[in-house]
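J.: Using UniProt numbering, read the sequence shown as starting at 1 and increasing by one per residue. Heads up, the beta-carbon is just placed ideally off N, CA and C, and yes, glycines get one too.
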Amino acid sequence: MTQDHFVDAADTPERVRTGADRVDAVIASIEALADRPVDEHVAVFEQAHDELRRALDGTPHDDPA
């Protein structure tokens with residue numbers, strides 16, 4: 001037997017925001033994974049990792065580092 005789980009909007013956590021636009025964009029890309037095919041997840045995580053490293057290093061987004 002399976003149970004159906006319904007999520008009440010009041011029970012969903014508030015989205016995390018840091019105030020750092022680059023980091024918030026990475027978080028949004030991770031949050032959107034549920035809407036993407038599983039075979040695309042690795043590429044999203046790799047891009048997220050690269051973007052977070054650039055943000056921590058202070059490297060501009062358009063720098064191909």
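Using the three-state DSSP reduction, which class does Glu14 fall into: helix, strand or coil?
T.: coil
J.: To the nearest angstrom, report how far apart Gly58 and Asp24 are at their CA atoms.
T.: 15 Å
J.: Please check if any C-beta of chain D sits within less than 8 Å of the C-beta of Val38.
T.: Among the chains of the structure shown, chain D does not appear; only one protein chain is present.
J.: Cβ atoms of Arg22 and Glu46: under 8 Å apart, would you say?
T.: no
J.: According to DSSP, is Arg36 helix, strand or coil?
T.: coil
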